[in-house]
Amino acid sequence: MTHPLLSEQDIDAFQKDGVVLVRGLFADHVQTLRAGIERNMENPGPYASNNEKSGQTGRFFDDYCNWQSIPEFEDVIRNSAAAQVASDLMKSNTVQVFHDHVLVKEPGTSMATPWHTDGPYYFVRGKQTVSFWSPVDPVQEATLRMVAGSHTWEKPVLPTRWVSEESFFANEDDYMPIPDPDAEGMRVLEWTMEPGDAVAFNFDVLHGARGNTSTTRRRAFSLRLLGDDAHYVERPGPTSPPFPNHGMRAGEKLRQDWFPTIWPK
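Residue numbers (this note's numbering): 1 to 265.
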């Protein structure tokens, strides 16, 4: 039975466009997420960054892979509706945790989140993937922007390093150049969002976000989840996140002790 937060039209839109808005997905968990983000920022993990770039103003903090050490995040991951909603959207019998990601743009942060797709950075591949991006502050201009249908493109988009803008891997010919969706007239979806709303999108959807020129913070929690067909793939270098010494082999399902199945419960 489909979760009450979703309609069949939502599931169809996710399959077709690779993205859909789920109003109120984390509405009952906003305070918990705020507390978790505060804990994360006070005690950053080894992958934390302020994305400092010459000529930019403000602070763009991001960090990932901390859910097992931040109890608020684990609570939300295991006890919110995210797992069941992910199962419905992906049309997957199972849902596995991949990782969490916190992204905070303080007031007056000029740096945009560059256009990119998440999939090429990861050591996982599959059509059944979903990322939830949920603000814990109201957002307008600093909301997520998504290119509808980009998860079906024939070639993946070139992954780059956000600050240096260098290619993430050496095999650049295997990727398409990063497009300019506004200049090229692509169908860009974006929404004004309230705390606890979530954009759900496939790992291969092209997305980005403007800087935060408002006078209020833009704190967002992302949760990346995997479905039935997701499996480990080799990349030509360290991935992001790297997950060193994982010991997995090409084609295998991701190891359960690091990436537990949370649906069915």
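Even for Gly, the Cβ is constructed at its ideal location relative to N, Cα and C.
Local Cβ density within 10 Å of residue i, reported as buried at 16 or more and exposed below that
i	result
residue 216	exposed
residue 283	An answer regarding residue 283 cannot be provided, because it is not within the stretch 1 to 265 covered by the chain.
residue 49	exposed
residue 84	buried
residue 192	exposed
residue 28	exposed
residue 43	exposed
Cα-Cα separation between residue i and residue j, rounded to whole angstroms
i	j	result
residue 60	residue 200	22 Å
residue 4	residue 67	26 Å
residue 53	residue 163	6 Å
residue 179	residue 157	8 Å
residue 88	residue 134	18 Å
residue 69	residue 75	11 Å
residue 147	residue 79	30 Å
residue 108	residue 56	10 Å
residue 189	residue 145	6 Å
residue 41	residue 264	32 Å
residue 77	residue 169	31 Å
residue 242	residue 153	25 Å
residue 10	residue 20	6 Å
residue 262	residue 96	6 Å
residue 159	residue 2	35 Å
residue 279	residue 253	Missing from the structure shown is residue 279; the chain here goes from 1 to 265 and no further.
residue 151	residue 106	30 Å
residue 213	residue 140	10 Å
residue 245	residue 98	16 Å
Minimum C-alpha distance to residue i - residue among the options
i	options	result
residue 81	35, 105, 16, 22	22
residue 195	207, 138, 152, 242	138
residue 205	167, 99, 18	18
residue 233	27, 123, 50	123
residue 31	251, 224, 244, 219	219
residue 117	95, 100, 149	149
residue 165	177, 155, 173	177
Proximity test, Cβ basis, 8 Å: residue i and chain C
i	result
residue 216	The chain inventory of the structure shown lacks chain C, comprising one protein chain alone.
Could you tell me whether the segment 229-247 touches the segment 29-39, using the rule of 3 or more Cβ pairs below 8 Å? Flag = no, the segment 229-247 and the segment 29-39 do not touch.
Enumerate, from N- to C-terminal direction, the unbroken beta strand (DSSP E) stretches of 3 or more residues contained entirely within the segment 30-91. Listed in chain order, the beta strand (DSSP E) runs fully inside the segment 30-91 are 60-64, counting runs of at least 3 residues.
Alpha helix (DSSP H) segments (min. 4 residues) lying fully within the segment 171-253: Listed in chain order, there is nothing to give.
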